[in-house]
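Colleague: Quick one: structure below, then a few questions.
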């Protein structure tokens, strides 16, 4: 009976394309980046991890100014980048995304994307606004443009196609404009995008401010897997017994939350394909509480398919399905 009470599903969603990246804001807004590299499309979906439902997005912008660099599954940029068009539009999610099983309140908002549906990325999630960027040119992974999507209004609050994002603090957004050999730096109002101050072209002082802000980043709500063989759990005899004979031991990962130990194992071969399982373990009782199959029949080892945020377990299954489960103390 206890097993049924733990790891309860809070949210489950199937997507038609790859789950490329997850970002969680300070207020608990989950941003899902969905990409199809073959069709060169991308969509973004926002979920409130707190109360859920459309009503969760009706508040004001709020006062949080924390750049969410703590995003999990920080997927790679799209590759050879083209310029981001100036105008964006809102679209409905693909059919697979709207037909998801729902547990409790439906927490998925509409998907939104750029007209070319691919060349975009996320700089930060602040309150109820998502700060996107474009790219300078094809083949160059340098960001250009700031495009601010307002979730409540379902439209872009402001855009600046010429400046590139650096970081933000209580003063505003620090941005720059690329010149031939130097950069011009600016301080922007994060709410309106207006230039508050021109900061010249000397980077030294701005770099110091950026370093100070980076030191403030708080990742304490996150629990990420670590390499099993180099962890303190590597010498545990019981865990060794859980490895299948054909397990890739050097690829195994482990993390612990609320006294539950999670062991992430790959087994198989390149010829037959790999299977990826996550075991939830009670070390004191030496008991496997639950098994989660994350990936099956893959040619390569799939990394970054699980992590914990606060008391929630995030799973990306077969790269297209997201499950969020509650982790209770044992």
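In this note's numbering, the protein residues as written are -11 to 318.
Glycine included, C-beta positions come from ideal geometry on N, C-alpha and C.
Which residues in the same chain have their Cβ closer than 6 Å to the Cβ of residue 296, if we skip the five residues on either side of it in sequence?
Modeller: Result list for residue 296: 211, 245, in chain order.
Colleague: Can you say whether residue 36 is buried or exposed, counting buried as having 16 or more other CB atoms within 10 angstroms of its CB?
Modeller: Residue 36 is buried by the Cβ-count criterion.
Colleague: Below 8 Å, how does it come out for the stretch 252 to 260 and the stretch 165 to 176: are there three or more Cβ pairs, yes or no?
Modeller: Flag = no, the stretch 252 to 260 and the stretch 165 to 176 do not touch.
Colleague: Rounded to whole angstroms, how far is the Cβ of residue 304 from the Cβ of residue 113, which I believe are closer than 8 Å?
Modeller: Their Cβ separation, rounded to whole angstroms, is 19 Å, which puts residue 304 and residue 113 out of contact at 8 Å.
Colleague: Once DSSP output is grouped into helix, strand and coil, what is the label at residue 296?
Modeller: Residue state, collapsed to three classes: strand.
Colleague: So, using beta-carbon positions, are residue 154 and residue 202 closer together than 8 Å?
Modeller: It is not a contact, given that the beta carbons lie outside the stated cut-off.
Colleague: By Cβ distance below 6 Å, which residues in the same chain neighbour residue 111 in space, the five residues on each side in sequence not counted?
Modeller: Taken in chain order, the residues that qualify are 119, 121, 153.
Colleague: With DSSP as the reference, label residue 178 as helix, strand or coil.
Modeller: Reduced to three states, the DSSP call for residue 178 is coil.
Colleague: Which runs of the beta strand (DSSP E) fall wholly inside the stretch 247 to 273 and span at least 3 residues, in chain order?
Modeller: Segments of the beta strand (DSSP E) lying fully in the stretch 247 to 273: 248 to 257, 261 to 270.
Colleague: Buried or exposed for residue 243, please, with buried defined as at least 16 other CB atoms from any protein chain shown within 10 angstroms of its CB.
Modeller: That one is buried.
Colleague: Spatial neighbours of residue 253 within its chain, please: C-beta separation below 6 Å, excluding the five flanking residues on both sides.
Modeller: These residues qualify, in order along the chain: 235, 240, 265.
Colleague: Measuring CA to CA, which of 251, 158, 107 is closest to residue 135?
Modeller: Closest by alpha carbon: 107.
Colleague: Relative to the C-alpha of residue 150, which candidate in 25, 124, 28 has its C-alpha closest?
Modeller: For residue 150, the nearest C-alpha among the options comes from 124.
Colleague: What's the call for residue 38, buried or exposed, on a 16-neighbour Cβ count within 10 Å?
Modeller: With fewer than 16 Cβ atoms within 10 Å of its Cβ, residue 38 is classed as exposed.
Colleague: Checking 8 Å against the spacing of the C-beta atoms, do residue 300 and residue 313 come in under that value?
Modeller: Taking 8 Å as the Cβ cut-off, residue 300 and residue 313 qualify as a contacting pair.
Colleague: The alpha helix (DSSP H) with residue 314 in it runs from where to where?
Modeller: Looking at the DSSP string, residue 314 is not in any alpha helix (DSSP H); the run it does join, the beta strand (DSSP E), is 309 to 314.
Colleague: Please check the pair residue 144 and residue 160, which I expect to be a contact at CB under 8 Å, by giving their CB distance rounded to whole angstroms.
Modeller: Actually they do not touch by this definition, with Cβ atoms about 18 Å apart.
Colleague: Within its chain, find whatever has a CB closer than 6 Å to the CB of residue 281; leave out the 5 residues flanking it on each side and keep chain order.
Modeller: Answer for residue 281: 265, listed in chain order.
Colleague: In whole angstroms, what separates the C-alpha of residue 130 from that of residue 181?
Modeller: Approximately 20 Å between the Cα atoms of the pair.
Colleague: Measure the C-alpha to C-alpha separation of residue 216 and residue 250 and round it to an integer number of angstroms.
Modeller: The straight-line gap from Cα to Cα measures roughly 11 Å.
Colleague: Between 232, 269, 284, which lies nearest to residue 318 when the distance is taken from Cα to Cα?
Modeller: The option with the nearest alpha carbon to residue 318 is 269.
Colleague: Check each candidate in 277, 200, 137 and name the one with the smallest Cα separation from residue -7.
Modeller: Of the listed residues, the one whose Cα sits closest to residue -7 is 277.
Colleague: What are the boundary residues of the alpha helix (DSSP H) that residue 200 is part of?
Modeller: That run of the alpha helix (DSSP H) goes 192 to 203.
Colleague: Can you look up residue 51 in the DSSP assignment and give me helix, strand or coil?
Modeller: Low local confidence applies: a pLDDT of 26 at residue 51 is under 50, so the model's placement there is unreliable, with the coordinate-based value given in what follows. Looking at residue 51 - three-state DSSP - the assignment turns out to be coil, as it is neither helix nor strand.
Colleague: For residue 163, name the three-state secondary structure that DSSP assigns.
Modeller: Residue 163 falls in the strand class under three-state DSSP.
Colleague: Assign residue 27 to one of two classes, buried (16 or more other C-beta atoms within 10 Å of its C-beta) or exposed (fewer than that).
Modeller: Residue 27 is exposed by the Cβ-count criterion.
Colleague: Can you tell me whether DSSP reads residue 149 as helix, strand or coil?
Modeller: If DSSP states are grouped into helix, strand and coil, residue 149 belongs with coil.
Colleague: Bridge partners of residue 31, per DSSP?
Modeller: Its beta-bridge partners are 22.
Colleague: Taking the CB atoms as reference points, tell me whether residue 230 and residue 289 lie closer together than 8 Å.
Modeller: No, the Cβ-Cβ distance between residue 230 and residue 289 is not below 8 Å.
Colleague: Using the C-alpha atoms, what's the distance from residue 225 back to residue 30?
Modeller: Their Cα atoms are separated by approximately 45 Å.
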